[in-house]
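Residue numbers (this note's numbering), protein chains in the order written: chain A, 28 to 761; chain B, 6 to 197.
Working notes, structure below.
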Amino acid sequence: MSGSLEISRRSFLSVSLVGGAVLSFGAWLALSDEAEAGSSGAMLNAFIRINPDNSVVIGAKNPEIGQGVKTMLPMLIAEELDVDWEQVRIEQTLANEQKYGRQSAGGSRSTPVNWLPMRQAGAAARSMLVMAAATKWGVAFETLTAGSGMVRHAASGRTATYASLTEAAVKIAPPALDAVPLKPDSAFRIIGTSRRGVDTPAIVRGQPLFGIDTELPGMVYAALEACPVFQGTIAAVDDQAAKAVKGVLAVVPINTGLVPKGSFDALAIIADSWWTAQQARSRLKVDWDTGTLTQFSTEAYAEQADTALAQAPEAEILSKGDVEGQLSGAARTVTARYDYPFLGHCTLEPQNCTGLYEDGQLTLWAPSQSPERGRQEVAAMLDLAPDAIKIHMTRIGGGFGRRLMNDYMVQAAQIARAVPGKPVKLIYTRGDDMRHDYYRPGGWHELTAGLDNEGRLVALKDHFVSFGADGEPVRAAELEETEFPAQIVSDVHFGATYLPTNLPTGWLRAPTSNAMGFVFQSFLDELAEAAGVDLPTFVLRILGEDRLLPKVGRANQFNTGRARKVIEEVCTFANWDAKRPSGAGGRGRGFGFYFSHAGYFAEILDATVSEGGTVKVDKIWVAGDIGSHVINPVNALHQVQGAAIEGLAQAMIGQKVDQVDGAIVQENFDSFPLLRIEAAPQDVAVTFVTSPFPPTGLGEPALPPVIPALANAIYAATGKRIRSLPMQLQGQTA
Amino acid sequence: MPRLTVNERPVEFDMDPQTPLLWALRDAANLTGTKYGCGVGDCGACMVMVDGTALRSCLITLAECEGRLVITIEGLSRDRSHPVQQAMVAEQAIQCGFCTPGIVMSGAALLSRNANPSEAEIKEAIPNLCRCGVYPRLVRAIQRAGAVRRREDTISAAPPPGITREDAAKAVPALAPVTEPSTAPSPTPTDQ
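Encoded structure:
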């Protein structure tokens, strides 16, 4: 290879290619002041620009991870703005919470947080445009109507495009957002109609949308060699051989964010191509200081959990009534132990981030689910003022909670500062991505319940073992006192013991619920059997009359009537009673219900288990209640189907991360499999129950019930209880 | 220096011949539609066509591509008019979209040799990993693309927001002719 890559790229580009060969900086031009300056349109507010041709640009403010928010939030604005979706173009905004409000893709919060503000932004702009027309024509505001980007005066037949009114409208004081009138539901023309993902035409062309696609003039690339044992640090480095590789620019120590500021636990290799950086990386010789951190292992955790479960819990989560008294007087008691492993996120787009440090200013192109939190972390690590950091939000090739953490931003920022003036793109290998995740913590539950003579649940006890320190769980290892059915049962004891770990933990789609749904709904299936009824009946009996349970802490309030309706709905939808497979031929049907992220979901699953133990999911029925409106029905269907498929992947194909000597073993999809098309159900039927409550989110709540529905179906088919994930059936290792 | 044809253009890569085709396409040619997912030929996100066959570009070196015809997602059609591209959008078999280019290339290669594949043939020919779980719509999308290719179906894919049907129909021949009155705004202000 001769000359620098910069030259090679230029000479390469001298022969033009079809598509993609042109750097599309336009893709990164956010709906920002800069973009505004370069266009002839005018901003009506932070989200809306009207162009002279009467086309409308709407800013999408939240991170798009495939959940459809880049389409959904602008739909809310367009609805109240009274424009046709066909005249709208969507642009991703920059990260700037002062300007746009909360910009985070987590907790299924985008819908409930933005349902009113986005509509208000659209309605306020509409009202300014109508006011401009009223002033111009000297008629009353109330006599005007709007639609398709036009204001009309019916009496005179006059019309005006929004574009012709914009210059006057921007001079009108915006109305108070909470006072601006919103449309009645009956007038909705966009909300509740299916709209294709706004980026999908660009995606099928392979256009550069994702963080990893960021290409800038003079760009260099970085690989990261981080200490495989979390919290370990660099003891000694021999980087001579790595630096000798042609094309390598620098090898610099950085802090991944896991060790105290000022110490280093990773080496960044910066080179003229990412491939070159990886080649050089393999020639690094690093001694890591891992101290006693190598003691942490999956095997040790299992032994410690056994020991802990034989003793009393160290911490108390919930204690009410007299559980021991109720259990000793119960007609029947049932005891079972459940467990589940650590899990990785494994977004298909590996973690990456591009940074440019120039004159004390840092620009980042970040596929982050929480860019503002990233800004704060980067500012703290680099001692930069937060407003010296500009963050472009790229499309994201899968989030699942991984990118609520911003370690890759903090790392790219340090690397960029090491090569001022040069844009640098950090990309994890798949192995890096799996071995440097923020994992869903594993856990164990020793459950005991008591039933009275009539099969009613009268006592519930759980000793929960997971990870933490000083009686407090690590991130995403919380067992809440509202865990169903603890809030309804009169006598409950939840205790916990937290084991130490060096693994960083984080939120995985439907955090805590993805595990608790499996544990509690599977255990309830055992109790239902002991009570001689099926699980939907048993859960409905627990729910009792329709009511709102008391609010506890920050938890979403539980409405037993909404729960009842989705359970009844899914039983009708799947014809639960009439069409239940008997278990003959290895066919079984299972049920699961869960309430999380303000959404109520009940699911029924039919599975066939072969004699060799291979499980085939034949069909899934889902009934959900997320409030009064399903904003974009086609996307809602896809979110539910995707959540169900992800739940199956967690349960049935061997997903787990193992730790040996302090480090994670899994490095690719052979050891941490994703569900493939041949194992995926082709039929996931979804129905929504509408209820008179503001709409809530859909990224997460459909996931938790599918795992117990699967486990309970396998029990119905085989008589074998699945109490440990990933599930293992005889003769089946996958 | 390896010479090959990429998207119908003869090119010479001024890079180490042992560089995987994937990274040559992405880092040198700025053809970032071909994605990196696993690096070991498992996920299929880096699928391209080499001499008409779908191959994982992370597993072949530039040297091995000497003299061969490579087509990437950017070169599959000039205007996303390939039936698989159209059907993937029409059926919305896309969530985050990161696996999509690889799936489109696998699907296009399948239809070029079998325009009427069965469900089993589709599942075998598209082993690509989709982390988001678009699988329930994928078989239908490929079958629909096959029907379009056999001229038994047409896809009246709506243009993306911001493009009028008339403009889109001019630029995208695969779109059905506009028969209904356009709802798009007039380009000239109608202030009266």
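Here a beta-carbon is modelled for each residue, glycine too, at the ideal position from N, C-alpha and C.
Rounded distance between the beta-carbons of residue j and residue i, thought under 8 Å
i         : j         : result
ALA542(A) : GLY470(A) : 6 Å
PRO413(A) : ARG402(A) : 5 Å
PHE7(A)   : THR528(A) : Nothing can be reported for residue 7(A), as the shown portion of chain A is limited to 28 through 761.
CYS70(B)  : LEU26(B)  : 5 Å
GLN90(B)  : VAL231(A) : 4 Å
LEU276(A) : LEU294(A) : Incorrect: roughly 13 Å between the Cβ atoms, too far for contact.
Pair within 8 Å by beta-carbon distance, residue i and residue j
i         : j         : result
GLY46(B)  : PRO132(B) : no
ASN81(A)  : GLY176(A) : yes
THR723(A) : GLY654(A) : yes
VAL256(A) : GLY533(A) : no
PHE369(A) : LEU506(A) : no
HIS180(A) : THR170(A) : yes
LEU567(A) : ARG591(A) : yes
GLU129(B) : ASN119(B) : no
VAL733(A) : LEU632(A) : yes
ALA503(A) : THR539(A) : yes
LEU234(A) : GLY42(B)  : Reading the sequence as shown, one finds Gln at residue 234(A) and not Leu. Not in contact: GLN234(A) and GLY42(B) (Cβ atoms no closer than 8 Å).
VAL350(A) : VAL492(A) : no
PRO708(A) : VAL649(A) : no
LYS97(A)  : GLU106(A) : no
GLN353(A) : GLY477(A) : yes
ALA779(A) : VAL278(A) : Look at the range of chain A in this structure, 28 to 761, and you will see that residue 779(A) is not part of it.
GLN686(A) : PRO700(A) : no
ALA406(A) : ILE416(A) : yes
ALA440(A) : LEU389(A) : yes
Among the options, nearest to residue i - alpha-carbon criterion
i         : options                                       : result
SER309(A) : HIS463(A), ALA250(A) and GLU169(A)            : ALA250(A)
LEU752(A) : ILE704(A), PHE696(A) and GLY674(A)            : GLY674(A)
LEU100(A) : PRO79(A), LEU143(A), ASN78(A) and LYS683(A)   : LEU143(A)
ARG31(B)  : VAL55(B), THR77(B) and GLN97(B)               : THR77(B)
HIS624(A) : LEU730(A), PHE74(A) and VAL84(A)              : LEU730(A)
TYR435(A) : GLY498(A), ASP410(A) and HIS463(A)            : HIS463(A)
GLY588(A) : LEU570(A), THR334(A) and ASN602(A)            : LEU570(A)
VAL516(A) : GLY245(A), PRO721(A), ARG536(A) and ALA486(A) : ALA486(A)
ALA512(A) : ALA148(A), ASP489(A) and ALA676(A)            : The sequence given here has Pro at residue 512(A), not Ala. Cα-wise, what sits closest to PRO512(A) is ASP489(A).
GLY274(A) : ALA203(A), LEU311(A), ASN433(A) and ASP299(A) : ASP299(A)
HIS656(A) : ALA605(A), GLN668(A) and PRO721(A)            : PRO721(A)
GLU510(A) : LEU554(A), VAL272(A), ALA307(A) and ILE344(A) : ILE344(A)
ARG364(A) : PHE550(A), GLU727(A), ALA676(A) and ASP652(A) : PHE550(A)
ALA663(A) : ASN35(B), VAL139(B) and LEU115(B)             : VAL139(B)
Within chain A, partners of residue i - CB distance below 8 Å
i        : result
PRO88(B) : Chain A residues near PRO88(B): none, gap ~11 Å exceeds 8 Å.
PRO25(B) : TRP302
ALA50(B) : LEU375
Contacts of residue i in chain B (Cβ-Cβ under 9 Å)
i         : result
ILE691(A) : What ILE691(A) touches in chain B: nothing, since even the nearest Cβ is about 16 Å away.
GLU673(A) : ARG136, CYS137 and GLY138
ASP464(A) : Neighbours of ASP464(A) on chain B: none; closest Cβ ~14 Å, over 9 Å.
PRO235(A) : ASN35, THR37 and GLY38
GLY93(A)  : ILE99, GLN100, CYS101, GLY102, PHE103, ARG136 and CYS137
Per-residue contacts from residue i into chain B (C-beta, under 7 Å)
i         : result
CYS380(A) : By Cβ distance, chain B contributes nothing, its closest Cβ being about 15 Å from CYS380(A), past 7 Å.
ASN695(A) : CYS43, VAL45 and ASP47
LEU632(A) : Under the 7 Å cutoff, chain B gives no residues; its nearest Cβ is about 14 Å from LEU632(A).
GLY703(A) : Per the sequence shown, the amino acid found at residue 703(A) is Arg instead of Gly. Those are PRO132 and LEU134, listed as they occur along chain B.
ASP240(A) : THR37
Cutoff 8 Å: residue i Cβ touching any chain E Cβ
i         : result
ASN119(B) : Among the protein chains of the structure shown, namely A and B, there is no chain E.
Chain B contact residues for residue i, given Cβ-Cβ distances below 8 Å
i         : result
TYR248(A) : ASP32
ASP109(A) : Ordered by position in chain B, no residue passes the 8 Å Cβ test against ASP109(A), which lies about 12 Å from the chain.
ASP265(A) : Going along chain B, no residue has its Cβ under 8 Å from ASP265(A), so there is no contact; the nearest lies around 24 Å.
VAL279(A) : The contacting residues do not exist; VAL279(A) stays about 20 Å from chain B at best.
THR456(A) : GLY44
Check: residue i C-beta below 7 Å from any heavy atom of the ligand GDP
i         : result
SER290(A) : Absence of the ligand GDP from the depicted structure is noted, as is the absence of any ligand whatsoever, leaving it without description.
Interface partners of residue i on chain A, CB under 7 Å
i         : result
VAL144(B) : GLN709
Every unbroken alpha helix (DSSP H) within the segment 538 to 578 of chain A, with a cutoff of 4 residues, ordered by chain: 540 to 558 and 562 to 570
Within the segment 651 to 726 of chain A, ranges of the alpha helix (DSSP H) (whole runs, at least 4 residues): 660 to 679
Ordered list of beta strand (DSSP E) runs contained in the segment 128 to 156 of chain B, each at least 3 residues: none
Alpha helix (DSSP H) runs wholly inside the segment 226 to 272 of chain A, at least 4 long, in chain order: 227 to 231 and 267 to 270
Residue ranges of each beta strand (DSSP E) within the segment 427 to 488 of chain A, 3 or longer: 451 to 454 and 470 to 478
3-residue-minimum beta strand (DSSP E) runs that sit fully inside the segment 304 to 373 of chain A, ordered along the chain: 312 to 316, 342 to 347 and 359 to 367
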